[in-house]
Amino acid sequence: FNPGRLIALDQAESELFRIECELRERHPDLDLTAALGDIRDPDRLGELFGRYPIDAVFHAAAYKHVPMMESHVLEAVSNNILGTCNLVNVVRQHRVPSFLMISSDKAVNPTSVMGATKRVCELIVSATPPAKSRDTNCVSVRFGNVLGSNGSVVPIFQSQIAAGGPVKVTHPQIQRYFMTVSEAVSLVLQASTMGTGSEIFVLDMGEPIRIVDLAVNMIRLAGLVPYQDIDIRFTGLRPGEKLFEETNTAAEHMLPTYHDKIMIFRHRPPDWSTIWEWLSHLQTLLRERSEHAIIEHIKMLVPEYSPGEQWTEMEQPAAYGARLSANGMDPGTLVTAETLSS
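Position one of the sequence shown corresponds to residue 101 (this note's numbering), numbered consecutively onward.
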């Protein structure tokens, strides 16, 4: 693709250094800037975008580990939601032509904090901005697991097989969608050229794979016999996990694009003022460090969100609506699944 300049922003200095070394080794002529920073820091973002002319932003910065985010709600919300909001604000302020956010199939009918935050991020990215901020095409791309990526099941299984087992699978029927790194990157780059703003693209990931079948095949590829040389142990679903992931809801009508592996969901985007009001109250709840109230606040924006059992002792909607009104926020302006799909 031969970019004129590549700026890699990361808050993890070790990973940023590793990526910088790898890119400089593979592409010695690349004009590369490794920038240490955090998307939760709007001043740092403003500094970077003010220093360099940027044509396209690919936003993959997120906390993605489902069970861990169930016990780190404040960090998940702060990083995923507020960080995305900061990025959307800065790209519009600096009139960056193209902004693409990597979303997740876990954003569809979410049962996890991580999935719910990614659905909120989709709404932020697709929200209709004020007229003066419409120079940036902001889109999202939704897909599943990437084989071999950090935290994916493949390197975990490889390590467990090398240690003599057991290979641990949460449930005999659990399935996931998988893509290779090269396929995911290629489709994301192509989707970035299609959007005109507010679209959600969905990548065709083929058929879902049973995780136990993946474990069996990996054991065999290692020259071993499943359940004899290496045992497979079922450990039970973890907090926030589903048996099956979905690529779209029943209300999301997928349309084809000119690429047979990229579909598009066109919807009526929420108004930015609605999102901004919701975000303002979210920041108040973050300062109060009120996890249960934050979960309920997310449900107001993402009504299809089904939190785990640990969040069942929450405020009733009527009581929560009354508290929103007391804080100057109108619950009636919040987005619902029906209004987004109409």
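C-beta: ideal position from N, C-alpha, C; glycine also.
Environment of residue i [buried if 16+ CB atoms lie within 10 Å]
i, result
"serine 487", "The question about residue 487 has no answer, for the chain in this structure spans 101 to 442."
"histidine 353", "exposed"
"aspartate 110", "buried"
"tyrosine 79", "The structure shown does not extend to residue 79, since the chain spans only 101 to 442, so no value can be given for it."
"glutamate 307", "exposed"
"aspartate 205", "buried"
"valine 246", "buried"
"glutamate 391", "buried"
"glutamate 122", "exposed"
"serine 114", "exposed"
"serine 282", "exposed"
"glutamine 260", "buried"
Proximity of residue i and residue j at Cβ, strictly below 8 Å
i, j, result
"tyrosine 163", "methionine 201", "no"
"valine 302", "methionine 400", "no"
"threonine 211", "glycine 340", "yes"
"valine 402", "arginine 219", "yes"
"glycine 146", "valine 190", "yes"
"glutamate 120", "leucine 136", "no"
"proline 456", "aspartate 155", "Outside the displayed range of the chain (101 to 442) lies residue 456, so it cannot be described from this structure."
"alanine 322", "valine 269", "no"
"glutamate 170", "glycine 408", "yes"
"tryptophan 372", "proline 142", "no"
"glutamine 290", "histidine 359", "yes"
"leucine 385", "isoleucine 394", "yes"
Counterpart residues of residue i in DSSP-defined beta bridges
i, result
"phenylalanine 301", "Val241, Ile364"
"phenylalanine 158", "Leu200"
"glutamine 275", "Arg310"
"aspartate 371", "Thr228"
"isoleucine 319", "DSSP lists no partner for isoleucine 319."
"proline 356", "Met363"
"isoleucine 107", "Thr133"
"valine 220", "In DSSP, valine 220 forms no bridge with anything."
"valine 246", "Met279"
Contact belief for residue i with residue j at Cβ below 8 Å, rounded distance in angstroms
i, j, result
"glutamate 404", "asparagine 209", "5 Å"
"cysteine 238", "glycine 297", "6 Å"
"phenylalanine 344", "methionine 305", "About 13 Å separates the two Cβ atoms, so there is no contact after all."
"isoleucine 309", "proline 266", "Their Cβ separation, rounded to whole angstroms, is 20 Å, which puts isoleucine 309 and proline 266 out of contact at 8 Å."
Enclosing beta strand (DSSP E) for residue i [first to last residue]
i, result
"aspartate 143", "From DSSP, aspartate 143 is part of no beta strand (DSSP E) but of the alpha helix (DSSP H) over 142-151."
"phenylalanine 334", "332-334"
"alanine 135", "132-136"
"lysine 268", "267-269"
Extent of the continuous alpha helix (DSSP H) run through residue i
i, result
"valine 325", "From DSSP, valine 325 is part of no alpha helix (DSSP H); its letter is neither H nor E."
"valine 166", "166-170"
"glutamate 175", "173-176"
"glutamine 258", "253-262"
"methionine 400", "391-401"
"leucine 187", "183-193"
"arginine 338", "Per DSSP, arginine 338 belongs to no alpha helix (DSSP H) and is neither H nor E."
"isoleucine 119", "113-126"
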